[in-house]
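Structure, as structure tokens:
Next up, the structure:
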């Protein structure tokens, strides 16, 4: 299947999380030719990603900055947002791509939350909230989710999976939360809010997916093209769920307005110390 191309290019600032491997790395190379300022994030110290940064700076005209943060610690997400705000310019596109697979055994973060939920969902929502004041109404937020969200139902009374933990379930429910959050955010009346969409980039052979599924095919470049299409194409309405480059219908629970509101309230409760 051919990958869609973005209908326009961003000329502003793009923030891309999870940019040091997999789809994120491939997308960063392409964004270096499309953005004026590309802010890439990873969990590694900057010294460990210098070859990638040199590659990005030679790939296109974008000014490239690197911000390190471990999404297993929400204090680091706040510090990351503060550093981006310190660049003294707006953020036109935020791509929440950072993610982790479900661990074989249940793990909790430094903040006491189930680690997959925190890295894939709570950190993304917190970063989005922190950066939204920097984003114009013409901006866009992209949550990189997964079609696996169609396979699960989330119990908000056990959002941290203290009972019946399963690594695939942990991953899928974190992606369900991202889709539902994007749908909820798009519904909330806010004249100054940027667009927000969620995507499944396709079945891509990345280290993350190979840790949980028997994935052999699917080039990261294809997933990166789908990511750029969602981030830069003006013909994708706010609130859309884009599956492998095409607008699709998200899962039933994600579409449920009462669930969206309940998830929002639960998320606000979990993130209260950092907001």
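Numbering (my numbering), first residue to last: 5 to 279. Every residue, glycine too, gets a C-beta built ideally from N, C-alpha and C.
| query | result |
| --- | --- |
| Which class does residue 204 belong to by DSSP, given the choice of helix, strand or coil? | strand |
| Between the alpha carbons of residue 277 and residue 264, how many angstroms are there, rounded? | 21 angstroms |
| The alpha helix (DSSP H) spanning residue 60 covers which residue range? | 54–63 |
| Comparing alpha-carbon positions, which option in 266, 159, 22 lies nearest residue 56? | 22 |
| Once DSSP output is grouped into helix, strand and coil, what is the label at residue 109? | coil |
| Looking only at DSSP bridge pairs, what is residue 247 linked to? | 204, 250 |
| Inspect the beta-carbon positions of residue 254 and residue 160 and report whether they are closer than 8 angstroms. | no |
| Counting along the chain, where does the alpha helix (DSSP H) carrying residue 41 start and finish? | Note, residue 41: premise wrong, no alpha helix (DSSP H); beta strand (DSSP E) at 41–46. |
| How big is the Cα-Cα spacing for residue 104 and residue 139? | 26 angstroms |
| Exposed or buried, residue 192, counting other C-beta atoms within 10 Å across all chains shown (16 or more means buried)? | exposed |
| Where residue 146 and residue 100 are concerned, what is the direct C-alpha to C-alpha distance, given to the nearest angstrom? | 6 angstroms |
| Does the count of Cβ pairs from the stretch 68–75 and the stretch 44–58 closer than 8 angstroms reach three? | yes |
| Spatial neighbours of residue 97 within its chain, please: C-beta separation below 6 angstroms, excluding the five flanking residues on both sides. | 14, 18, 144, 235 |
| What separation, rounded to the nearest whole angstrom, lies between the Cα atoms of residue 32 and residue 252? | 25 angstroms |
| In three-state DSSP terms, what is residue 165? | coil |
| Rounded to whole angstroms, what's the CA-CA distance from residue 34 to residue 111? Just pull it up for me. | 34 angstroms |
| I need the straight-line Cα distance from residue 128 to residue 84, nearest angstrom please. | 12 angstroms |
| Mind checking whether residue 198 and residue 230 have CB atoms under 8 angstroms apart? | no |
| Find the nearest neighbour of residue 163 within the set 266, 27, 24, 30, judged by alpha-carbon distance. | 266 |
| From residue 117 to residue 76, what distance separates their C-alpha atoms? | 9 angstroms |
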